[in-house]
Every structure is written in C-alpha cells, then in structure tokens.
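The structure under discussion appears below in the form of structure tokens.
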C-alpha cells in the first residue's frame, strides 16, 4: 500500500552506464522528471535525499573501452566527468552523483551478496554458456550477436533485439557469433549463483499488486512478467570487469551488473553522508524501516525509463526482501521512450541530441530544454522531440506567453510606479477573480506534482501565466494611466503578485528562469506554502529593470541542428557501406585490349541542357580529342582544366547530346558517391601508357 504521509523521501534517478554522453532520451526518461519532483518536495518543506550516479561495470563499459582503445577504468573516468558536468549545467539538483567504481559501493554490494549467500538464498547451478575459444573467455549477452528469432535481424544482441525490441537469451539466437573474434561460440560449463525468482513470486506479486496506483505502463509491464512466470536469474557473471564475487574459488567471476547497480543507490547515500559529515552514520534512515515509530516512514521513489522497469519493480525488490532489512519502492514512475525527428534515438547511430553539445551550441537555454522535454514528456506512451516543435514552444509559449507576462508586469511597474511595488487600492470584480484564481493554482499544481503528472503541472503553470496576461489585457493599465493612475497601482500590484507566485511554482521546471524573476522582484526565502498569497511582495519593494527571460530562436539555429542530425545519419549510412564484390574473373588478354593513356585536360565547358555533362578537350600526346564526361555535378568546368587524368583511348566513339565523345576519363567513386580523378603519382608525359 502507498505511504500517505512520509517523514522523508529517498528519490533515485537511474544509474546510467558511464560509456557515453547523456542525450535527451535519458533526460526525458527520468532525470528531468526526477529533478522536478525533488525541487517541488524541497519547496514544500519535505526532507529529501536525491540520489544518482554512474553505473561503471558491465559489458557496455568493456565494449566502449575496446572501441576507443582505452581501459575500462579510463572510459568510466572520462564519461563520469562529462555526465556529471552536463547534469550540473542543466540544473539537475542531485544531493550526490556518485560512482559504482567507488570502494564504498564495492563494499556494500559484497556485503549484501554475502548476506544472501550465507542465508542460502541463492541457487548454485552449473550451466552451459557460450564461450569464445579464440578469445579464451565466456561471452556475456552483449558479446554475442546473431539472427533474431522474431524479426530475423542478423545483428540482434544476446539479450535484446534493437530492431523489434524483443527480450532474448543467447541460446535463442540463430547463427550466433562472438563480437570479440567473430568466431562461432561453443557451449561450455560454468558455475553461477541464481536468485530464485520463481520461488519468490508470491511475495513479489503481493508487493506489486499492493501498488495498483502505479502508472499503467509500469503496473502493466510488471503484470506481464508475473503472468509469464518468473524464472531464476543469474546474479554472477564470467567477466573480468566488475565487483569480484565475495565467495571462495570464484576467480574470473563478478557480480551481475543488475545485482550490484541498484545497490548503488544505497552506497551512493553512504557516499553522500561521508562527503557531507565525514561518516556514513545515519544512512539507515533513508533505506531501512525506522526502529522507533516516532521517526516516521521513508518513502522510496525510483525514477527510471521503461527499459529498467523489471529490474526496479521485480528483481531489486526481490533482493531487498531476501535481505530483510530494507524498505521497498513506494512508486516507480517510469517514463516511456522519447523519439527524435521520426526515428528512435540511437547512441550507436549517433541519432541523438547530446546534452553536452546542446549546452555548448545553445548557451543559456537550459530552461528551454527542460520546458520542452517536460511539455512533451513520454509519461505513459512514447513521444517525439523535433527541433521545429522546440522552436515553436520557445517562441510561442516561453517568449510569447510566460516571458511576455513577466516582462510587461516589470516594465509597466518601472514606467508607471517608479520601479516599486505599488499600493493595492479598492478591488473590482475583475481583481477579485484574478486573486481567487491565483490562490487556487498552487494546490492544483501540487496535486499534479504529487502524482507524477508533470506535463499536467506544467500546463497549469502556463495557465497561470495566461491568467496574468489576460488580466493585463482586460484591465489595460497603459490606457488607465491617463485617467485612473490609482487604478493602475492596483492592477500592477496584482500583476506583480501573480509574477511572484509564478516564480515559485515554476521553479521545479524552470529553475534558472525562476531565479531571474525572483532577483528582479527582490523575492527570497519563499516556498510552496507562500505561493498564491496576494501579499508576497511588500508595498514599496524595489523592482529591478526588466530583462527578457527568453529570446526568439531563429530558423537558422534550428536548421543547423536539423542538418547536424541529417549529417550524422548520412555518415552512418556511409560507414555501413561495404566494398562492392569483385567482378567475374577475366583473362590477361581481356585487360590488354584496353589502351589506357595519360592525358591533360586543356579546355572544359558545360554542355547546354545537360545537368551532368562537361565537354572536355584533352591532349593525349599524339593528338587532341573531345570527351563528354558526366562529372559536372561534382566539378566546375574551371576546376578541371590542367588536370592529368587516366584516359581510355580505344573506346569506340559515342554520340551524346548531338556531339561525338571519343574515349572515357577514368574516375574513382568514394563511399559517399563523390568522384575523384585517378591521377599518376608524378608528372607523366601525355600519351604515356598505363600497364
């Protein structure tokens, strides 16, 4: 059953692999919604620990290390720094962003594994697993590729097909091969320790069924797993990189990354307290039931993407149940996937908007990205990010609605009220309606926040900005100033009070913008309980000169980003190209019939009414000839004059565009379809033969 009135909150955001940068799919999936929720809780006066970090073990790390020619440790060091810096720049307000390579994590993971081992929770089992005889090692799931049994994708991984999304096991693949050597793997016996999820299913079912309030996508996926029947799952792996199994005679074995990675939330909490207080003492209050009822309950909330639901809702809870001294997640508000410009985000294909590049190329627009990802968040179904939508939401909503209201309220106060909060006079009906709406908004927004409906919360925040705009449009202080200056004081007082509340309730989504507004208004030390108050700003309080909160994004900026994606897609297509197979075998006599000579291009001109042809006059030593060559889409006429080329001299003449072409210029075609002249390595005389 959900906890209704917790004393404190432990909020986690997924530990991402430190094998590459952060992209918008990661942000929309869990990090931005987690930060919104935590910022709201803090503003509401709740005690919160916001925990995350990088997952630095497992096969993806070793694959990246091999690709980049680095050690696994060098890879995780490199990407931890980049990810950590990117999160800070975006305003993700972790209490700790830790690492699973830290000694405190190794120690905590081994303790929990050893505890379960000593309690005889695990099943020790010897099974046959794929082994690469060439590389002399067992193959983890991601080191095996083969043909998917569902969609026939020839490059499906041993754990999942990225084309159809099917969850697989290595033994299901057809024609498996090792990614290490390309060899066909063989089955070899090995011993590992399994968590008996089948025996634990009744307890897991009771836990999941006790949380029917979970999002439909989360609850539904859990029910699907439970309906199919849970199976034992190995908690150790035959690998070099990872946390060594704390059991005798287990050389070459490490803890399964999905055993130790979620324990990273616990070890990161200890790391946080060590950095904060010099000792991990007190970590238990964030992770274990209180021994004294007066200490109150801790509510644990996991923010993740949908691909991690089974681990956080079934496997990690099963581990904690077996250990017996931990609280379980009260909610797991997992989001679905965000697609990009009509295609799935793919790190391997570089089809992504990378956070570190966004921050460099669109400086001071952190809140724009936070806003767009929240407004279009994949909360219950997949959504899509497009750069055009990004531009529209910025220009029409942030500039045209939100920023416009704040700017008008501040500028009019500067103009008509000497830059100070004016005295509110006698209220009219329109004023009372505006103040009543103002008072109601914070509670409505809070309800959406509490229930993880952040898109809805953001829509309400924008409705509050619209309320402010409508109030100014209806009262028209720029006209009233001519006849009713006292009335203008009332109007602008109310507009500024709306602005103040807007800065508080939008802070979870737009922290940088909120700080700017509060600086303009001289607002400090206010939290959610103060929002909606008609007297947040004291009469006479200075209001600083208005600065635009957002700026319009021009088409050229968007076009550059779209082109960048298309360039990446094109590059991937080119890298996927293979060299054409060799043509059927010929005899030397066939080749000797061709008379290939060195020639120099003397003149070149475009052929009228032809897109492809250039008319070339070439010198072949013994004479000059005219050749029509289909290269005008690759070269300008003036660029080719004077070039030494290879020329097929004894090709029969051919009529083209009413002209006769004698022979052929030989060209090389690159993988992108571009052409290059084939030229001698030194200045060879015209008419020289190619043998």
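Numbering (my numbering), first residue to last: 2 to 692. The beta carbon of each residue, even a glycine, is placed where N, CA and C say it ideally should be.
Whole-angstrom C-beta distance between residue j and residue i, which should lie under 8 angstroms
i, j, result
"residue 298", "residue 195", "Not quite, the Cβ-Cβ distance comes to about 32 angstroms (not below 8 angstroms), so this is no contact."
"residue 611", "residue 658", "6 angstroms"
"residue 573", "residue 340", "In fact, because the Cβ distance is near 17 angstroms, the residues do not count as touching under 8 angstroms."
"residue 330", "residue 302", "7 angstroms"
"residue 98", "residue 19", "With 8 angstroms as the limit, residue 98 and residue 19 do not qualify as a contact, their Cβ atoms being about 11 angstroms apart."
"residue 404", "residue 550", "4 angstroms"
"residue 668", "residue 676", "5 angstroms"
"residue 312", "residue 31", "13 angstroms between Cβ atoms; not a contact."
"residue 17", "residue 84", "7 angstroms"
For residue i, the first and last residue of its enclosing alpha helix (DSSP H)
i, result
"residue 317", "317-324"
"residue 265", "258-278"
"residue 1", "Here the chain comprises residues numbered 2 to 692, so residue 1 is not present and cannot be evaluated."
"residue 503", "486-506"
"residue 518", "512-522"
"residue 478", "478-481"
"residue 14", "Looking at the DSSP string, residue 14 is not in any alpha helix (DSSP H); the run it does join, the beta strand (DSSP E), is 9-14."
"residue 178", "Unbroken run through residue 178 is the beta strand (DSSP E), 175-179; no alpha helix (DSSP H)."
"residue 440", "430-451"
"residue 370", "367-376"
"residue 592", "589-593"
Where residue i falls, given that 16 or more other Cβ within 10 Å makes a residue buried
i, result
"residue 210", "exposed"
"residue 512", "buried"
"residue 502", "buried"
"residue 5", "exposed"
"residue 186", "buried"
"residue 294", "exposed"
"residue 623", "exposed"
"residue 38", "buried"
"residue 568", "exposed"
"residue 395", "buried"
"residue 165", "exposed"
"residue 521", "buried"
"residue 3", "exposed"
"residue 129", "exposed"
"residue 399", "buried"
"residue 152", "exposed"
"residue 425", "buried"
"residue 58", "buried"
"residue 436", "buried"
"residue 589", "exposed"
First and last residue of the uninterrupted beta strand (DSSP E) at residue i
i, result
"residue 194", "187-196"
"residue 340", "339-341"
"residue 164", "Element bounds for residue 164: n/a, residue is neither H nor E."
"residue 630", "625-630"
"residue 147", "145-148"
"residue 63", "Residue 63 -> not in any beta strand (DSSP E); alpha helix (DSSP H) instead, spanning 60-69."
"residue 299", "299-304"
"residue 37", "Element bounds for residue 37: not the beta strand (DSSP E) but the alpha helix (DSSP H), 33-44."
"residue 393", "Element bounds for residue 393: not the beta strand (DSSP E) but the alpha helix (DSSP H), 388-393."
"residue 668", "668-670"
Strand pairing of residue i, partner residues [DSSP]
i, result
"residue 200", "BP columns for residue 200 are empty, so no partner."
"residue 600", "646"
"residue 421", "543"
"residue 54", "99"
"residue 130", "189"
"residue 355", "24"
"residue 655", "662"
"residue 254", "239"
"residue 158", "146"
"residue 616", "606 and 629"
"residue 49", "10"
Cβ-heavy atom distance, residue i to the ligand GDP, below 7 angstroms
i, result
"residue 631", "Annotation note on the ligand GDP: not contained in the displayed structure, which lists no ligands."
Inspect the CB distances between the region 535-544 and the region 414-423 and report whether three or more fall short of 8 angstroms. yes
Is it the case that the region 118-125 contacts the region 147-162, given that we only count it when at least three CB pairs across the two stretches are under 8 angstroms? no
Is the number of C-beta pairs between the region 640-650 and the region 595-611 that are closer than 8 angstroms three or more? With a cut-off of 8 angstroms, the region 595-611 and the region 640-650 count as touching, because enough Cβ pairs lie within range.
Pairing CB atoms from the region 50-69 with CB atoms from the region 382-393, are three or more of them under 8 angstroms? no
If you pair each beta-carbon of the region 87-101 with each one of the region 133-147, do three or more pairs fall below 8 angstroms? no
Does the region 275-295 come within contact of the region 341-349, defined as at least 3 CB pairs closer than 8 angstroms? no
Touching by the beta-carbon criterion (3+ pairs, under 8 angstroms), the region 260-267 and the region 215-231: no
Mind the definition here: the region 211-218 touches the region 139-148 only if three or more C-beta pairs lie below 8 angstroms; say whether that holds. no
Between the region 24-35 and the region 352-360, do three or more beta carbon pairs fall short of 8 angstroms? yes
Stretch pair the region 244-254 + the region 145-155: three plus CB contacts closer than 8 angstroms: no
Taking 8 angstroms as the cut-off, does the region 434-444 touch the region 456-475 (at least 3 CB pairs, one atom from each stretch)? yes
Between the region 448-458 and the region 376-384, are three or more C-beta pairs nearer than 8 angstroms? yes
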